[in-house]
Amino acid sequence: PKANGKMRKLGIPTVADRVVQAALKAVLEPIFEADFKPCSYGFRPNRRAQDAIAEIQHMTTRGYEVVLEADIAACFDEIDHVALMDLLRVRVADKRLLALVKAFLHAG
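Counting along the sequence shown from 1, when you hit position 32 you're at 32 in UniProt numbering, and nothing is skipped either side.
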């Protein structure tokens with residue numbers, strides 16, 4: 001249970017599913033990584049919280065005084081899977097790969 005007493009369904013992947021997910025990540029990440037802004041640090045390869053902190057420290061030396069911290073609660077629960085699949089289809093043609101992504105989205 002969560003702090004407010006609500007329950008959330010957990011989808012715990014099997015070892016085989018984790019291997020397939022890692023393979024999907026290896027294929028999809030290079031396709032979409034270039035779309036992200038350099039100031040984005042969450043869930044990015046070769047970017048750590050320490051890198052974000054260093055960037056903030058650097059920006060304070062350049063006169064910036066405001067930092068926005070945001071934690072979007074349960075944001076992954078709210079992603080429209082149909083819209084996400086439509087976006088994937090624009091750049092990914094392999095129907096088997098798309099079917100795997102769709103299956104993992106459905107599984108949670």
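All residues carry an ideal CB built from backbone N, CA and C; glycine is no exception.
Cβ-Cβ separation, R91 to I31 (assumed contact under 8 Å), whole Å
6 Å
- Quick one: is P30 near chain B, going by C-beta distance under 8 Å? The chain labelled as chain B is not found in the depicted structure, where only one protein chain is given.
DSSP state of C75 mapped onto helix, strand, coil: helix
*Between K9 and H58, what straight-line distance do the alpha-carbon atoms span, to the nearest angstrom?*
41 Å
Notebook entry, point to check: Is there contact here, the region 72-85 with the region 94-105, by at least three beta-carbon pairs under 8 Å?
Noted result: yes
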